[in-house]
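Numbering (this note's numbering), first residue to last: 1 to 421.
C-beta atoms are modelled at their ideal positions from N, C-alpha and C, and glycine is treated no differently.
Since the structure is predicted, the reported quantities are computational estimates derived from the model, not experimental observations.
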């Protein structure tokens, strides 16, 4: 290392040439002895690059873990709807006070508890999925629970799955796949401190305030008046509260990951606030979802609840987690079109549920149409032939009658003339 001194008016500058070719400019005083530690910059850069690659690989693993948990969650939750509905139907046959009327006899029904445990397992898997994958990916995959519910309903609730329902299932799967492809694969929030800063953001504060106000109005004003007749009342309560519950789940998932990493999470007030918020939100959702299931048909409650709940969660994710900020235009369009495809699939799945439509019936109707077309042509030809034949026959008969009348007239005239003579 050879230091060479260049003089300036006030402060001398030492130009230091290190052994690996890296130049450094240092401010120093005249006569000061410098020590230079040679650093292998290439090796450090390689280590940084490998660390970044390991982080990206870990992010991809987290993404696929969250995806698997979300799919298993949909299976458990879809089955829970059927078990809980079966339990409520058994209570209705026994004459117990129904949940829609304020009764809680379902707490003594084991089928309802089996459904609750299944939903608990599904929510636990869903809880874990939010800790590994973005909410924009996890929430829309709840459509798979609709498919599971529809298929199991056809077996256990005597609800038939016709051709429209099968096409709806296919569209829902395609839409879910599209959303998985275009969903963001990186987390926007990685710590409770970052979560705390997001929660006090003015945009989310306004959103949360509006959600609480809407929920209170629907619970205490709209619900007692229209809850028994309008399916949207109880579903709206579950959906808007569900957006806040997902936020709590996301924060608790991050807290659990930090606890596993060895950080002190128990002493942080935010973790306990998120836990209390989750308990309050989930208990409210269960109560009003039970009322909706008891009063209205499962085939109506399930798809409408999915659309409302997913829309609320996507809105909350866009405001709180900012998951859409770093997505490209193509990914945003792909995510939205995938979500709309799922909605169309769910609509086909349930809107035409009572119609008896299948491939066999379509084939039969097509054969009937093929038979009806030549038959219709034959009827037209036959009727035309009959019309022409009748007209010609009438002409012939008219001519014959005319000739006969003339002959009679002639004979009469001849007879008259003979009599005159």
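| Query | Result |
| --- | --- |
| Same chain only: Cβ atoms within 7 Å of residue 296, ignoring 5 sequence neighbours per side | 231 |
| Three CB pairs or more closer than 8 Å across the region 338–345 and the region 260–277 | no |
| Residue 214 beta carbon less than 8 Å from that of residue 240 | yes |
| Assumed close pair residue 306, residue 146 - CB separation to whole angstroms, cut-off 8 Å | 5 Å |
| Environment of residue 126 [buried if 16+ CB atoms lie within 10 Å] | buried |
| Helix, strand or coil at residue 183 [DSSP, three-state] | coil |
| Buried or exposed by the 16-neighbour rule on C-beta atoms within 10 Å, applied to residue 201 | exposed |
| Cβ neighbours of residue 196 in the same chain (closer than 8 Å, five flanking residues each side left out) | 270 |
| Where residue 161 sits in the DSSP three-state scheme | coil |
| Which listed residue (177, 156, 148 and 176) has its alpha carbon closest to that of residue 165 | 148 |
| Any 3 or more C-beta pairs closer than 8 Å across the region 209–224 and the region 341–357 | no |
| Simplified DSSP assignment, three categories, for residue 272 | helix |
| Integer Cβ distance of residue 143 from residue 176, believed to fall under 8 Å | 6 Å |
| Backbone CA spacing between residue 135 and residue 92 [nearest angstrom] | 37 Å |
| Straight-line gap, residue 217 to residue 95 (C-alpha atoms, nearest Å) | 32 Å |
| Environment of residue 243 [buried if 16+ CB atoms lie within 10 Å] | buried |
| Other residues of its chain near residue 331: CB distance less than 8 Å, five sequence neighbours each side excluded | 182, 183 and 184 |
| Whether residue 289 touches residue 238 by CB criterion (8 Å) | yes |
| Secondary structure of residue 386, DSSP reduced to three states | The predicted position of residue 386 is uncertain, since its pLDDT is 48 and thus under 50; no value can be drawn from it. |
| Top-ranked residue by Cα proximity to residue 308, from 193, 82, 236 and 65 | 236 |
| Unbroken alpha helix (DSSP H) run spanning residue 126, endpoints | 110–132 |
| Closest Cα partner of residue 250 within the set 133, 84, 349 and 327 | 133 |
| Cβ separation of residue 122 and residue 77, assumed to be a contact under 8 Å, to the nearest whole Å | 4 Å |
| Which listed residue (88, 317 and 212) has its alpha carbon closest to that of residue 291 | 88 |
| Exposed unless 16 or more other CB atoms sit within 10 angstroms - verdict on residue 162 | buried |
| 8 Å Cβ shell around residue 334 - same chain, five flanking residues per side excluded | 178, 179, 181 and 182 |
| Residue 45 in three-state terms, based on DSSP | In this prediction, residue 45 has a pLDDT of 48, which is less than 50 and means its spatial position is unreliable; what the coordinates show is noted afterwards. It is helical. |
| Own chain, CB closer than 7 Å to residue 7, minus 5 neighbours either side, in chain order | Unreliable positioning characterises residue 7 in this predicted model, as indicated by a pLDDT of 45, which lies under 50. A coordinate reading is not provided. |
| Identity of the residue in 258, 227, 66 and 111 nearest residue 423 by Cα | A query on residue 423 cannot be resolved here, the shown segment of the chain reaching from 1 to 421 and no further. |
| Under 8 Å between C-beta atoms of residue 302 and residue 157 | no |
| Reduced DSSP secondary structure (H/G/I, E/B, other) of residue 210 | helix |
| Check whether residue 255 and residue 300 have beta carbons under 8 Å apart | no |
| Alpha helix (DSSP H) segment containing residue 302, residue limits | 298–320 |
| Contacts around residue 258, its chain only, beta-carbon distance under 8 Å, and the 5 residues preceding and following it disregarded | 191, 192 and 265 |
| Buried or exposed by the 16-neighbour rule on C-beta atoms within 10 Å, applied to residue 325 | exposed |
| Distance between residue 329 and residue 234 (C-alpha atoms, nearest Å) | 35 Å |
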